Amino acid sequence: MNLNDIISGPMNLGAIEFLSIALLSIGIYSFLSSKTVIKALISVEIMVNAGLINLIGASSYYGDTSGANMTLFILVISAAETVVAISLFVAVFRSKGSASLDVMKLLRW
Amino acid sequence: MDIQQWLVFLIFGLPLISFPFVIGVGYIKKNLSMYLGTAVIFVSFLIGLYVFFNYTVNGIVISASVNWLPNLPISIPVGIYADNLAMIMVLMVSFVGFLIILFSVGYMAEDPRRHIFFGEMVLFTSSMLGLVLASSLLMLFIFWELVGLCSYLLIGFWYYKPNAASAAKKAFIVTRVGDVFFIAGIGAAILYSQGAALSVANIKAGASVIPYVWQRTIVSLLLFGGAIGKSAQFPLHVWIPDAMEGPTTVSALIHAATMVTAGVYLIARTYSIFTPLSLTVVLYIGVFTIILSGLIGLVVNDIKRILAYSTISQIGYMVAALGLGLGATSIGLSIYQLESHAFFKALLFLSAGAILHALLNTRDINKMGGLWKKMPVTITAMFIGALALSGFPLTAGFFSKDSIISASYNVNEIVWILLATGGFLTSLYTFRLFFKIALGKPKTFAAEHAHEAGILMLIPIVILAVFSLIFGLFQNGFYTFLGGAKATITSLDAIPAVLMLIGMGIAYYAYGRESTIPERVAKASGFLYRLVKSKFYLDLLFTNVIAERVILGFSAVMDGFERRILDGLINTWGYIFKNAGLSLRKIQTGLARQYALIILIGLFLALLLLRVLMYLGVFH
């Protein structure tokens, strides 16, 4: 089954690219301006999803499903890594008493 | 391999294998290692004798070699090559070695480390036999280094004496100078002959193994450089007198009879590649050494050092005989002198050892005197040795040395005069030594209470004395065996003998009785006496100028070069990176957002670069 059959109508690749770049810029800005780890994590997720939108748009434009397949994989993996990240943050919060990004700046012991 | 080849291998293989055992049994019982060591060398001598008699019947050169490193383009034979020359040397080395080790059983009987001593003596004898039987120059060099090592170990045997330790070091370093030339000579021989000249058989076959005359001159002079170091010729003779700090039996075996003659053997072995030019160098070095060491021998007071200088001068005769350039006759003259010298010099050293044993190691001849009455057998044997050394008619030295002097008359008359003068000096210093020891009144308490050595020490002395007397019988057979011309006694032979008798007479007149002549002569000659007394300032030159100024200065320069320049280069790089790290580490803050910003800027710049490159047409 072709993706073009699901999303019917002519594809506007430019619009999808614009959406992707806009989301990426929002993610970058919010990461750079974030002070808490939760906000930073959300920004990272936004950036990942911006990339995925770009990928899936291109996939449907060229009529090739491998981009969509890869998107599914990346979604699952990024969900798993979010879990790992949150558990690390919980551990940091327990030992440091804070989950601010700037707390974790010690490069060696 | 047939039985003969195995036997030749055993001649040096047996002592080589058994030397650890000789030391080993010493840890059970010290005397066992003395008996085992003596027995091993005796068996080696018997095998040598058996092979020699078989050889005289067959006359076939016994050789067996394997190629050491088959993958190399050149062949390096390792094995044995036993021809007439090697056979004669094997017999002499094992026989004299056996007698001296037998003497050591008495001489070293009370030394607490005698098992080590006997182990090293056995190792030395086996290395010397291996040197003689080696089938290639490289193998010869390996054994050459082994005898040098044993010489070092045995000179420094009483290492707790500072003199002995430094003498051992000096001997090792000075001979090392010669060894550098030797190994350069081997390298040149390989280079010029594509490796063919490594094999002793090829060298013996003819000079054409190395194609050009100038190449042969270079190789032979380099090999002669090695011989100068080992055989203590001018200017590398300075180590032998100091080497007398070792036990006397070591001096007898290594620094009189065998090891120091290895250089002469090397020249005789590679004689075919010596060109007229290099033979002239050999001749004049030999002659100069004879006169130089003969003069120094006149003023030294240490009994063993006088013998050491006389060894240098007698080896000078061997070298000069080779330098005469008479082909096989030269080799015959030289090797005959080598063998008779081995007998009478070993005899002199062993009797000196017996005297030192009796006099509690007093080595100054001015503190001896009147010993003929106290130790009749030893001193009589020493008298025979002194006669043979100075070439008294019908003793071994007369036949060997006078033949060389007479042979030189036809080559070069100036050399003949110098060699005859050397013979005169020989008899002068020999009988100065002998009369000071044997005649007159005892000068010290120790000399008054001297006594004859034990029977075990007298047997080798007597055997050697007999050989020193009768060795002349073998002269013509010897020359024929080595392929030289027969010796003929002419009226010329009388001149060295007369000179020798004059020298003996002068020695008796000046030293055999109470006299003030030596002091007056010393005073009258003034500067000349001081020059000779200080050994022509050669030791001073080597130690204070060459070693301390030149070598130490050079090594200080090299040390500075290494510390300042090489280390400086490396340290500068380290300094650069260390300081760069110190300043660059500041950009690593650990703040995640800052890193993200830097990544962003980097990404931006990368994209910009890509764009510029696309604009320039590098990419499409």
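Line by line, the protein sequences are chains A and B. Each residue of the first sequence is one higher than the one before, counting from 21 in my numbering. Each residue of the second sequence is one higher than the one before, counting from 12 in my numbering. Note that beta-carbon positions come from the ideal geometry of N, C-alpha and C, so glycine has one too. Small disclaimer: the values here were computed from a predicted structure and weren't measured.
Any Cβ of chain A within less than 9 angstroms of the Cβ of G601(B)?
Working through the second sequence from its first residue, we reach residue 601(B) at position 590. Yes, contact with chain A.
Minimum C-alpha distance to L480(B) - residue among F492(B), P88(B), F355(B)
For this step, residue 480(B) is matched to residue 469 along the second sequence. Cα-wise, what sits closest to L480(B) is F355(B).
Which class does G29(A) belong to by DSSP, given the choice of helix, strand or coil?
Indexing the first sequence from 1 puts residue 29(A) at position 9. Reliability fails at G29(A), whose pLDDT of 49 lies under 50, so the model's placement of it is uncertain and no value is given.
Can you tell me which of the three DSSP states S53(A) falls into?
The count along the first sequence starts at 1 and reaches residue 53(A) at position 33. Coil.
With which residues is G35(B) paired in a DSSP beta bridge?
Indexing the second sequence from 1 puts residue 35(B) at position 24. Answer is none; G35(B) lacks a bridge partner.
Touching by the beta-carbon criterion (3+ pairs, under 8 angstroms), the stretch 260-276 of chain B and the stretch 155-170 of chain B:
yes
Check each residue of the stretch 603-626 of chain B: if its Cβ is closer than 8 angstroms to any Cβ of chain A, include it; give the result in chain order.
A603, R604, A607, L608, L611
Check whether the stretch 461-468 of chain B touches the stretch 531-545 of chain B, counting contact only when three or more Cβ pairs, one atom from each stretch, lie closer than 8 angstroms.
no
My understanding is that A418(B) touches L337(B), with C-beta atoms under 8 angstroms, so please give their C-beta distance in whole angstroms.
Sequence index remark: in the second sequence, residue 418(B) carries index 407 (1-based). Sequence index remark: in the second sequence, residue 337(B) carries index 326 (1-based). About 7 angstroms separates the two Cβ atoms, so the contact holds.
Check whether the Cβ atoms of T441(B) and L484(B) lie closer than 9 angstroms to each other.
Counting from 1 along the second sequence, the entry for residue 441(B) is found at position 430. Counting from 1 along the second sequence, the entry for residue 484(B) is found at position 473. Not a contact, by the Cβ cut-off of 9 angstroms.
In whole angstroms, what separates the C-alpha of R560(B) from that of A279(B)?
As a working mapping, residue 560(B) is identified with position 549 in the second sequence. As a working mapping, residue 279(B) is identified with position 268 in the second sequence. Roughly 37 angstroms between the two C-alpha positions.
Using a Cβ-based criterion (distance less than 8 angstroms to any ligand heavy atom), does S53(A) qualify as near the ligand ADP?
Here there are no bound small molecules, and the ligand ADP is not part of this structure.
Could you check whether the stretch 381-394 of chain B touches the stretch 130-147 of chain B, counting it as contact only if at least three pairs of C-beta atoms, one from each stretch, sit closer than 8 angstroms?
no
May I ask you to verify whether the stretch 239-250 of chain B touches the stretch 109-123 of chain B, counting CB pairs closer than 8 angstroms and requiring at least 3?
no
Hey, G433(B) and G343(B): beta-carbon distance below 9 angstroms or not?
Reading the second sequence from its first residue, position 422 is the one you call residue 433(B). Reading the second sequence from its first residue, position 332 is the one you call residue 343(B). No, Cβ-Cβ distance for G433(B) and G343(B) is not below 9 angstroms.
Are the CB atoms of V72(B) and Y92(B) nearer to each other than 9 angstroms?
The residue you call residue 72(B) lines up with position 61 of the second sequence. The residue you call residue 92(B) lines up with position 81 of the second sequence. Cβ atoms of V72(B) and Y92(B): closer than 9 angstroms.
May I have a chain-ordered list of the alpha helix (DSSP H) segments no shorter than 4 residues that lie completely inside the stretch 372-435 of chain B?
382-385, 387-401, 407-420
Buried or exposed by the 16-neighbour rule on C-beta atoms within 10 Å, applied to Q599(B):
For the purposes of this step, residue 599(B) is identified with residue 588 of the second sequence, where counting begins at 1. Exposed is the call here.
Taking C-beta to C-beta, are K315(B) and R374(B) nearer than 9 angstroms?
As a working mapping, residue 315(B) is identified with position 304 in the second sequence. As a working mapping, residue 374(B) is identified with position 363 in the second sequence. Cβ distance < 9 angstroms, so K315(B) and R374(B) count as in contact.
Please state the DSSP three-state secondary structure of I91(B).
Stepping through the second sequence from its first residue, residue 91(B) is reached at position 80. Strand at I91(B).
Any beta carbon of chain B sitting closer than 9 angstroms to that of K125(A)?
Within the first sequence, numbered from 1, the residue matching residue 125(A) stands at position 105. Closer than 9 angstroms to some Cβ of chain B, the Cβ of K125(A) qualifies, so yes.
Cβ-based burial, I97(A) [other Cβ within 10 Å; buried from 16]
Residue mapping note: residue 97(A) aligns to position 77 of the first sequence, counting from 1. Its Cβ having fewer than 16 others within 10 Å, I97(A) is exposed.
Can you name, in chain order, every residue of its own chain whose Cβ lies under 8 angstroms from the Cβ of E525(B), other than the five neighbours on each side?
Position 514 of the second sequence, counted from the start, is the residue given in the question as residue 525(B). Closer than 8 angstroms at the Cβ level, and outside the excluded window around E525(B), lie G451.
According to the Cβ coordinates, are V271(B) and S289(B) closer than 9 angstroms?
Counted from its first residue, the second sequence places residue 271(B) at position 260. Counted from its first residue, the second sequence places residue 289(B) at position 278. Cβ atoms of V271(B) and S289(B): not closer than 9 angstroms.
Using only alpha-carbon positions, find the residue among I28(B), V293(B), K378(B), I112(B) that is nearest to A332(B).
The residue labelled residue 332(B) in the question sits at position 321 within the second sequence. With distances taken between Cα atoms, A332(B) lies closest to V293(B).
Proximity to F445(B) [Cα-Cα], best of I415(B), T389(B), Y490(B):
As a position in the second sequence, residue 445(B) is number 434, starting the count at 1. It is T389(B) whose Cα lies nearest to the Cα of F445(B).
Less than 9 angstroms separating the beta-carbons of I448(B) and M515(B)?
For the purposes of this step, residue 448(B) is taken as the residue at position 437 of the second sequence. For the purposes of this step, residue 515(B) is taken as the residue at position 504 of the second sequence. Not a contact, by the Cβ cut-off of 9 angstroms.
From this set, I296(B), V89(B), A365(B), N421(B), which residue's C-alpha is nearest V473(B)'s C-alpha?
If you number the second sequence from 1, residue 473(B) lands on position 462. Cα-wise, what sits closest to V473(B) is A365(B).
DSSP on L611(B), reduced to helix/strand/coil?
Here residue 611(B) refers to the residue found at position 600 of the second sequence. Of the three classes helix, strand and coil, the one that applies to L611(B) here is helix, per DSSP.
Same chain only: Cβ atoms within 7 angstroms of F245(B), ignoring 5 sequence neighbours per side
Here residue 245(B) refers to the residue found at position 234 of the second sequence. The answer, listed in chain order, is I296, F299, T300, L303.
Taking C-alpha atoms, which residue in N69(B), L47(B), S105(B) lies nearest to S55(B)?
Numbered from its first residue, the second sequence carries residue 55(B) at position 44. Here the closest residue by C-alpha is S105(B).
Of the listed residues F360(B), Y347(B), N213(B), nearest to D313(B) (C-alpha basis)
One-based indexing of the second sequence puts residue 313(B) at position 302. Ranking F360(B), Y347(B), N213(B) by Cα distance to D313(B) puts F360(B) first.
Under 9 angstroms Cβ-Cβ, which residues of chain B neighbour L121(A)?
The residue given as residue 121(A) occupies position 101 in the first sequence. Those within 9 angstroms of L121(A) in chain B are L602, A603, R604.
Would you give the residue range spanned by the alpha helix (DSSP H) that V532(B) belongs to?
Here residue 532(B) refers to the residue found at position 521 when the second sequence is read from its first residue. Element bounds for V532(B): 528-536.
Note the first and the last residue of the continuous alpha helix (DSSP H) segment covering V188(B).
Working through the second sequence from its first residue, we reach residue 188(B) at position 177. From DSSP, the alpha helix (DSSP H) with V188(B) extends over 173-204.
Quick one: grab the DSSP three-state call for A464(B).
Numbered from its first residue, the second sequence carries residue 464(B) at position 453. In this structure, A464(B) counts as coil in the three-state DSSP scheme.
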